[in-house]
Amino acid sequence: MGNEVQGQIPDSVLRGLLGNLGDGLILTDLDEHVTYINKMAKRILGCEEKQVIGCAFRELCPLVNLKTGRSFDGPLKVALAEKRSVGLARNIGIFRGEQQEPIFLSATCSPLHLDEGEIVGCAVILRNVTHLRWLEGCIEADRVYMRTVFSAAQVGLCVLDEKGAIIDINDAGLETMETTYKESVGKQFGDAFRCENSIEGGCGYGQYCATCPIRHQIETAIATEGYTSQITAAMHSIRRREKIWLRMFFSQAWSEEIGKQTIVTMIDVSQRKKREDALEEAWERAEAASRTKSQFLANMSHEIRTPINGMNGMIDLTLHTDLTEEQRENLMSAKQCSEDLLRIINDILDFSKLDCGKMELESLDFDLHKTMRRVCTIHRKVAKGKGLFFRLPDLRGIPQFITGDPMRFRQIMHNLLTNAVKFTGEGGVAVEVTKNFREERPVLNIAVHDTGIGMSFEEQKKLFQPFSQGDGSTTRKFGGTGLGLMIVKELVEAMGGEISVHSAPLCGSNFTFWIPLYEADGEDEESQERSVFINDRWNDGEKQEATAKEEETDISDIANLLAYCEQRLDEDGGDAS
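Here the numbering used here is used: the first residue of the sequence shown is 11, the next is one more, and so on.
(1) In angstroms, rounded to a whole number, what distance separates the CA positions of Trp-144 and Val-169?
(2) Would DSSP call Gly-269 helix, strand or coil?
(3) Take Val-443 as the anchor and find which of His-459, Lys-432 and Glu-449 has the nearest alpha-carbon.
(4) Count the other CB atoms within 10 Å of the CB of Thr-186; is the residue buried (16 or more) or exposed (fewer)?
(5) Does DSSP classify Met-310 as helix, strand or coil?
(6) Assuming Val-441 and Pro-403 form a contact by the criterion Cβ under 8 angstroms, report the distance between their Cβ atoms to the nearest whole angstrom.
(7) In whole angstroms, give me the CA-to-CA distance for Ile-544 and Thr-428.
(8) In the structure shown, what three-state DSSP assignment does Cys-119 receive?
(9) From which residue to which residue does the alpha helix (DSSP H) around Lys-499 run?
(10) Using the C-alpha atoms, what's the distance from Thr-302 back to Gly-506?
(11) Given Pro-526, which residues of its chain have a CB within under 8 angstroms of its CB, disregarding the five upstream and five downstream residues?
(12) Below 8 angstroms CB to CB, which residues in the same chain sit around Arg-390 once its five sequence neighbours on both sides are set aside?
(13) Taking three-plus beta-carbon pairs below 8 angstroms as touching, is the segment 251-271 in contact with the segment 156-163?
(14) Name the DSSP beta bridge partners of Leu-256, please?
(15) So, under 8 angstroms CB-CB, Ile-102 and Phe-82 are touching, yes? Tell me the CB distance rounded to an integer number of Å.
(16) What is the DSSP secondary structure of Arg-137, reduced to helix, strand or coil?
(17) Going by the beta-carbon positions, is the gap between Gly-464 and Ala-514 smaller than 8 angstroms?
(18) With distances taken from CA atoms, which of Lys-472, Phe-114 and Arg-384 is nearest Val-146?
(19) Output the boundary residues of the beta strand (DSSP E) element that contains Phe-521.
(20) What residue range is occupied by the uninterrupted alpha helix (DSSP H) comprising Leu-184?
(21) Distance check for Ile-325 and Ser-348, CA to CA, integer angstroms please.
(22) Is the beta carbon of Ala-89 less than 8 angstroms from the beta carbon of Ser-120?
(23) Are at least three pairs of beta-carbons, each pair with one atom in the segment 353-362 and one in the segment 382-389, less than 8 angstroms apart?
(24) Along the chain, where does the alpha helix (DSSP H) containing Cys-386 start, and where does it finish?
(25) Per DSSP, which residues does Gly-97 bridge with? Please list them.
(26) Grab the span of the alpha helix (DSSP H) containing Ala-440 for me, first residue to last.
(27) Taking its Cβ as the centre, do 16 or more other Cβ atoms sit within 10 Å of Met-382, making it buried, or is it exposed?
(28) According to DSSP, simplified to helix, strand and coil, what is Pro-317?
(29) Taking C-beta to C-beta, are Gly-131 and Asp-39 nearer than 8 angstroms?
(30) Of all the options Ala-457, Asp-375 and Ser-510, which has the alpha carbon lying nearest to the alpha carbon of Tyr-528?
(31) Evaluate the contact criterion for the segment 190-203 versus the segment 216-224: three or more CB pairs, one atom per stretch, below 8 angstroms.
(32) What is the DSSP secondary structure of Gln-262, reduced to helix, strand or coil?
(33) Ala-243: which of Ile-268, Ile-277, Ala-66 and Glu-229 sits nearest, CA to CA?
(34) For a minimum of 4 consecutive residues, which ranges assigned as the alpha helix (DSSP H) are wholly contained in the segment 196-243?
(35) How far does the alpha helix (DSSP H) with Glu-92 in it reach, from first residue to last?
(36) Within its chain, find whatever has a CB closer than 6 angstroms to the CB of Arg-279; leave out the 5 residues flanking it on each side and keep chain order.
Spelled out as structure tokens, the structure:
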């Protein structure tokens, strides 16, 4: 290059500057022959080892369309003819080296002027944009893939811009909204859905839009950065006569072109909602039937107890008259049967109360020592009649007065001791009462040990279930409804305690329960004596009858019994004997 091209810049400085450029630089004459090429241009074209000065540009850089493989006319002729800069098309490049490696090029060809304005050649600036084209291809492939996934998704996807207008929606979303792509794009969500709330003023401006949960979520997502939420709500579309229940998820995305976007995911759960409503309705009907059943059991139990109590009373009155030994034995058998029936009815009554949640516990101060002695004395006599020993609890160190429900406490003890005596043929029964602490709070521990038939692990798992005993033969051999231990468990847990059992076949059983211990200063006077269910069988004559009557008699039953007796006395002419 002569000084007329370089001006006042020294030739060595100019060559050093051009040779170290980050872009490839090629200078040509008017015949498109190379007069200068820098290092980067040689590296791009793969001709570092070749002598290229004087070569034609088209031979040094044979341009082709890399997508089609067709040759591409060089831009130098156009730049020289039109005296302007000319670039390359998008997919133009070269196949470099022996392996024909495709190289995408970005080039600018500009006429080279002298100071006087004369054109002496062209300057070509080259860039290797292969990596950039590869990244663009990856982005395009990802975009196509995401668009395919977006379109093929089985849930509705709707994209809203920062003003809440729909900018994209997939096929599942169109099906859910019963609209078309053309009808929905550019509209607000409710307008595209044809929500009846937005028919008059448009989505967000209707009379009821302020209470629309979906509209509220959209507006919140637009106004709040990083907002995510999910709701289940009903859309009222005029396209359908019934409500459309949608499970909707709201999230946000960002686009360089559009800015903040709101992504709405829609799942039509109308059918599931119908099934849930049907199940809820069926559940309510079942609950109502259960309540009716429980109420029926309770009412029938009360109704049946009244004539049975009257029958027991008349048997008692008859037993006080002169009878033959055979008559007395028959009446005692009849009384035993009626008492067994009464106990079964009481069991069912308690079960129905527990089943419908109407079992209520009282909070009274009572004498624990007296209660334990009274309960244990009854069962001690029964055990003695079977030839069993009965060890009374040691109450030393145990508070005498505590707060709780004395009637239900007696019921728990009666059921446990009844079972212990009933299922023990040899040996005996022992009761243990201790005071312990659980989580630094005092508790009353009571254990009932027996040397009876015992139970296997599988039988123990059935114990506290309603209408359940160890096995079928147990019910036939020993009798009972199978409700007693279930009632005991419910009562203990209602008092805030727990019950457990440890047993093995032919090794006896150990029932242990604990309840919170609240000490009291004295004993409350109960307003009335209330009945307590007792499972044991009575064989010891009048003293046991009197004790059982003290534990079992309900004041309402006493009133019914007296009324019945008075009626019979009136019918017999008032003979009070």
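Here a beta-carbon is modelled for each residue, glycine too, at the ideal position from N, C-alpha and C.
Here's the rundown:
(1) 29 angstroms
(2) strand
(3) His-459
(4) Residue environment for Thr-186: buried (at least 16 other C-beta atoms within 10 angstroms of its C-beta).
(5) helix
(6) 4 angstroms
(7) For Ile-544, the pLDDT reaches just 40, beneath the cut-off of 50, and the residue's location in the model is therefore unreliable, although a value from the coordinates is still provided. Their Cα atoms are separated by approximately 7 angstroms.
(8) strand
(9) Membership of Lys-499 in the alpha helix (DSSP H) is indicated by the continuous run 494-504.
(10) 29 angstroms
(11) Arg-451, Pro-452, Val-453, Leu-454, Met-505, Gly-506 and Gly-507
(12) Phe-400 and Leu-402
(13) no
(14) Ala-243 and Asp-278
(15) About 5 angstroms separates the beta carbon of Ile-102 from that of Phe-82, a gap short enough to meet the 8 angstroms contact definition.
(16) strand
(17) yes
(18) In the sequence as displayed, the identity of residue 146 is Glu instead of Val. Taking only the C-alpha atoms, the option nearest Glu-146 is Phe-114.
(19) 519-526
(20) That run of the alpha helix (DSSP H) goes 181-187.
(21) 10 angstroms
(22) yes
(23) no
(24) Taken as a continuous stretch (DSSP letters only), the alpha helix (DSSP H) holding Cys-386 covers 378-395.
(25) Its beta-bridge partners are Thr-118.
(26) Ala-440 -> not in any alpha helix (DSSP H); beta strand (DSSP E) instead, spanning 438-448.
(27) buried
(28) helix
(29) yes
(30) Checked all of Ala-457, Asp-375 and Ser-510; the closest Cα to Tyr-528 is Asp-375.
(31) yes
(32) strand
(33) Ile-277
(34) 199-203 and 223-233
(35) 86-92
(36) Before going on, a small fix: residue 279 reads as Val here, not Arg. Once the five neighbours on either side are set aside, the close Cβ partners of Val-279 are Trp-255 and Arg-257.
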